[in-house]
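Since the structure comes first, as structure tokens, the remarks are kept for the end.
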Amino acid sequence: MELIPKAKAVVEVLHIQQKFYRWSKDGTYRLKKIFNLLYNPYVLSLAWYLVSENKGSRTPGTDGVTAKTVKEEIGVVEWLTSIEHKLREGVFKPDLVKRRWIPKSSNPAQKRPLGIPTLADRLVQMALKLVIEPIFEAEFKGCSFGFRPNRGPLHAIADVRRYMTPRNGYEWIIEADLRKCFDNIDHRLLLRQIGKKVKDKKILSLIRSFLKAGVMEQDQVIYPVSGSPQGGIISPLLANIFLDQLDEVYHQRFHTLTPDQRRTMVKHERPLLRHIRYADDFVIFVKGNKDQAIKALDDLRDFVNNTLKMELAEEKTRVLHPKEGFDFLGYQFRRGISQVNGKTGTVLLPSKEAVTRYRRKVKELTSRSNTWKQLDQVLGELNRLIRGWGEYFRYGWVSDLFSDLHRYVFMRVHRWLKKKHKGRSWKWIRRRYLRHDITGRANWNWKDTSLSILARVCPPKRLSWATENIPTPFNCDATRQALLIPFDDCMSPMVDMEKVLKRPRTGGEPGDGKLSRRVRRAAGGNGSRKGYRASC
């Protein structure tokens, strides 16, 4: 096979994904024969670009092959051709997965397993993800935000803040977490869930082989009977497919109720529930009394034990009142009094663990072991940390906290300079490294690199109200599709837009070849384009 340019591969694969998304949404097709798409040149080429551009491609699996090895020693085209041949002949088998233990971000003393597949397995997993993701994305519920296209943790945080508002009437919260979710996924139940949408036995057999692949740890091979290894490209998608059963329960019983039905339930003192999930962490808001919230938690525990064959992490599961507060995705949510207008509202702050991790990272970057570096290097590393942390935690009541953290970073740089220049006085350090900006504020500076001020580079911002109807890149909005497509330096954006908006008619789909008004407007003209149609 030949390596397709990335821009062209993105367009063609997006076209395939849009058809699968539409067919799955409408329920008009039973997807029985899609395995051949895994070795489609466009799919394999795009999978290679996505895998090789990821930092994880530098880490070898059990075969010792990295993206650099493929480019310099094997050859990309030859390597992709060999994988295409194995898939076409049906002889591809996953290699052993290398296991490593990494510290948890919340508690560095504890460690969690990380599976590292070989580069070939990662490529096939990426191709598999490109093919089957739009099929299940059409069925996923709006209350799920983890590891999905166009969705992220801030969407889940905004949704939690929305239902924390007192006027919505949710007075009790169930905070829950699944114990070792990725390690306890039942293979039989997962494959049954996948089989409801995908009837291709070759696809199911390939997924089963990835789940049953042996794990190598300290020269010992273990064959798992449950779970999906963390670190695999397709593992988050498989977890979402498995946990969609949990979303379905609350979606059918509560999320689809009309306003009149909700008022009737409240009138008869029946509880209303709202479920919000990010991966294996989720919260459930209860509109009712505490006894009803406890009953909802018991029902949740029974469903998880009996249907999902999992367990709740009891140490992280509880029923609480909004005034008590809880942590979710790095933020602390609590109902309190606003300092601006004196009204009851939601207090949104970075959690204590998040602040502690930030201080710990600053301390590592300004430790005694780094005194051999120049100040501009240290400031550059600190600025990247400050901007990344601030962009995520800028939403909420953080003005005072940002000021305190900047003083902490300023002090740590000062102490680092004292260690670097032993015996030098404070006046000498100030004269050499301290500069005043245009506002008159003193700050550390060296070689045109200044220490970023947290509240200045990431000013506090109000979090927008969330909506669960977030569009995906697989829907039929042609204008947004054109903006999502990357282009090379030698290609203009309009060329890529034309490739999306104009496509030859294939597959005998209905339509007379004329473009809709919306598509013509997005393409920038009303001229006749007979024989072409929009990609969706």
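Quick note on this note's numbering: the sequence shown kicks off at 57 and runs consecutively. Cβ coordinates follow ideal geometry from the N, Cα and C atoms, glycine included. A quick note: this is a predicted structure, and the numbers were derived from the prediction, not measured.
A538 - DSSP class collapsed to helix/strand/coil: On the sequence shown, position 482 is the one that residue 538 refers to. Confidence at A538 is low in this model, with a pLDDT of 46, below 50, so the placement of that residue is unreliable and no value is reported for it.
Short Cβ contact (7 Å threshold) for G117 with I158: As a working note, residue 117 is residue 61 in the sequence shown. As a working note, residue 158 is residue 102 in the sequence shown. In this structure, I158 does not lie closer than 7 Å to G117 by Cβ.
Complete runs of the beta strand (DSSP E) confined to the stretch 289-368 [at least 3 residues]: DSSP assignment within the stretch 289-368 yields the following whole beta strand (DSSP E) runs of 3 residues or more, N-terminal first: 328-334 and 337-343.
Per DSSP, cross-strand counterpart(s) of D383: Here residue 383 refers to the residue found at position 327 when the sequence shown is read from its first residue. Checking the DSSP bridge columns, you'll see D383 partnered with Q388.
Spatial distance of W521 from A410 (CA atoms): Locating residue 521 in the sequence shown gives position 465, where the first residue counts as 1. Locating residue 410 in the sequence shown gives position 354, where the first residue counts as 1. Each residue's CA atom was taken as its position, placing W521 and A410 some 23 Å apart.
Residues of its chain near V69, where Cβ-Cβ distance is below 8 Å and the 5 sequence neighbours each way are ignored: Against the sequence shown, residue 69 aligns to sequence position 13. Within the same chain, Y98, V99, L102 and L186 come within 8 Å of V69 by CB-CB distance, once the 5 residues on both sides are set aside.
Sequence-distant residues of its chain with Cβ nearer than 6 Å to D383 (five each side left out): Here residue 383 refers to the residue found at position 327 of the sequence shown. Hits under 6 Å: S407.
Complete alpha helix (DSSP H) runs within the stretch 138-202 (minimum length 4 residues, chain order): Qualifying alpha helix (DSSP H) stretches, in chain order: 175-193.
Beta-carbon gap between M57 and T137 smaller than 7 Å: The residue given as residue 57 occupies position 1 in the sequence shown. The residue given as residue 137 occupies position 81 in the sequence shown. Result yes, Cβ atoms of M57 and T137 sit closer than 7 Å.
Validate contact between the stretch 342-352 and the stretch 361-373 using beta carbons, cut 8 Å, 3 pairs: Contact between the stretch 342-352 and the stretch 361-373 is absent, because fewer than three Cβ pairs lie under 8 Å.
Beta-carbon contacts of S506 that lie in its chain and below 6 Å, excluding the five residues immediately before and after: Looking up residue 506 in the sequence shown gives position 450. Cβ contact annotation for S506 (same chain, cutoff 6 Å, sequence separation greater than five): N499, in chain order.
Whether T373 touches A183 by CB criterion (7 Å): Locating residue 373 in the sequence shown gives position 317, where the first residue counts as 1. Locating residue 183 in the sequence shown gives position 127, where the first residue counts as 1. Cβ atoms of T373 and A183: not closer than 7 Å.
Same chain, Cβ closer than 6 Å to I509, neighbours up to 5 away in sequence not counted: Locating residue 509 in the sequence shown gives position 453, where the first residue counts as 1. The residues are H462.
Cβ contact (3+ pairs, closer than 8 Å) linking the stretch 198-212 and the stretch 284-302: Taking a cut-off of 8 Å for Cβ pairs, the stretch 198-212 and the stretch 284-302 touch, as three or more such pairs fall below it.
R415 versus R471: straight-line alpha-carbon distance, rounded: Along the sequence shown, one-based indexing puts residue 415 at 359. Along the sequence shown, one-based indexing puts residue 471 at 415. Each residue's Cα considered, the two are about 15 Å apart.
Option in M366, F310 and P315 with minimal Cα separation from I340: Here residue 340 refers to the residue found at position 284 when the sequence shown is read from its first residue. Considering only alpha carbons, the answer is F310.
Secondary structure, beta strand (DSSP E): runs of 3+ residues fully inside the stretch 79-124: With a minimum length of 3 residues, no continuous beta strand (DSSP E) run stays inside the stretch 79-124.
Residue environment, G452, which counts as buried when at least 16 other CB atoms sit within 10 Å: In the sequence shown, residue 452 corresponds to position 396, counting from 1. Buried, since its Cβ has 16 or more Cβ neighbours within 10 Å.
Beta-carbon spacing of M272, L170 below 7 Å: The residue given as residue 272 occupies position 216 in the sequence shown. The residue given as residue 170 occupies position 114 in the sequence shown. In this structure, L170 does not lie closer than 7 Å to M272 by Cβ.
Contact set for F76: own chain, Cβ-Cβ below 6 Å, skip 5 residues either direction: Reading the sequence shown from its first residue, position 20 is the one you call residue 76. The residues are P190 and I191.
For G496, three-class secondary structure by DSSP: Position 440 of the sequence shown, counting from 1, holds the residue named residue 496. Three-state DSSP puts G496 in coil, outside helix and strand.
Stretch pair the stretch 436-451 + the stretch 482-490: three plus CB contacts closer than 8 Å: Because the criterion of three Cβ pairs below 8 Å is not met, the stretch 436-451 and the stretch 482-490 do not touch.
Strand pairing of W428, partner residues [DSSP]: Counting from one through the sequence shown, the residue named residue 428 turns up at place 372. Looking at the DSSP output, W428 sits in no beta bridge, so it has no partner there.
Identity of the residue in D504, R330, R518 and D354 nearest I229 by Cα: Here residue 229 corresponds to residue number 173 of the sequence shown, with the count starting at 1. Checking every option, the nearest Cα to that of I229 belongs to R330.
Proximity of V107 and R178 at Cβ, strictly below 7 Å: To locate residue 107, count along the sequence shown from 1; it is residue 51. To locate residue 178, count along the sequence shown from 1; it is residue 122. Closer than 7 Å, so yes.
Opening and closing residue of the alpha helix (DSSP H) in which T412 lies: Here residue 412 is taken as the residue at index 356 of the sequence shown, counted from 1. For T412, the enclosing alpha helix (DSSP H) begins and ends at K408 to L421.
Simplified DSSP assignment, three categories, for H211: The sequence position of residue 211 within the sequence shown is 155, counting from 1. Helix, per DSSP.
Proximity to R168 [Cα-Cα], best of G398, R223, Y226 and K236: Indexing the sequence shown from 1 puts residue 168 at position 112. Taking only the C-alpha atoms, the option nearest R168 is K236.
Residue(s) in a DSSP beta bridge with V375: In the sequence shown, counting from the first residue as 1, residue 375 sits at position 319. Beta-bridge pairing by DSSP links V375 to I230.
Residue from L210, L431 and E380 whose Cα sits closest to the Cα of E447: As a first step, residue 447 is located in the sequence shown; it is residue number 391 there, counting from the start. When only C-alpha atoms are compared, the closest one is L210.
CB contact flag (V503, D256, <7 Å): Taking the first residue of the sequence shown as 1, we reach residue 503 at position 447. Taking the first residue of the sequence shown as 1, we reach residue 256 at position 200. First, the residue type needs correcting, since residue 503 is Lys and not Val in the sequence shown. Result no, Cβ atoms of K503 and D256 do not sit closer than 7 Å.
Integer Cβ distance of Y387 from L404, believed to fall under 8 Å: Taking the sequence shown and counting its residues from 1, the one referred to as residue 387 is at position 331. Taking the sequence shown and counting its residues from 1, the one referred to as residue 404 is at position 348. Y387 to L404, Cβ: 6 Å. Contact.
For Y464 and A511, the rounded distance between their alpha carbons: For the purposes of this step, residue 511 is taken as the residue at position 455 of the sequence shown. For the purposes of this step, residue 464 is taken as the residue at position 408 of the sequence shown. Rounded to the nearest angstrom, the two C-alpha atoms are 13 Å apart.
Endpoints, the alpha helix (DSSP H) within which Q249 is located: As a working mapping, residue 249 is identified with position 193 in the sequence shown. According to the DSSP assignment, Q249 belongs to the alpha helix (DSSP H) that extends over H243 to G251.
T528 and E193 closer than 7 Å at C-beta: What you label residue 528 is simply residue 472 of the sequence shown in a count that begins at 1. What you label residue 193 is simply residue 137 of the sequence shown in a count that begins at 1. Yes, the Cβ-Cβ distance between T528 and E193 is below 7 Å.
Cα-Cα separation, L234 to E134: Counting from one through the sequence shown, the residue named residue 234 turns up at place 178. Counting from one through the sequence shown, the residue named residue 134 turns up at place 78. Roughly 43 Å between the two C-alpha positions.
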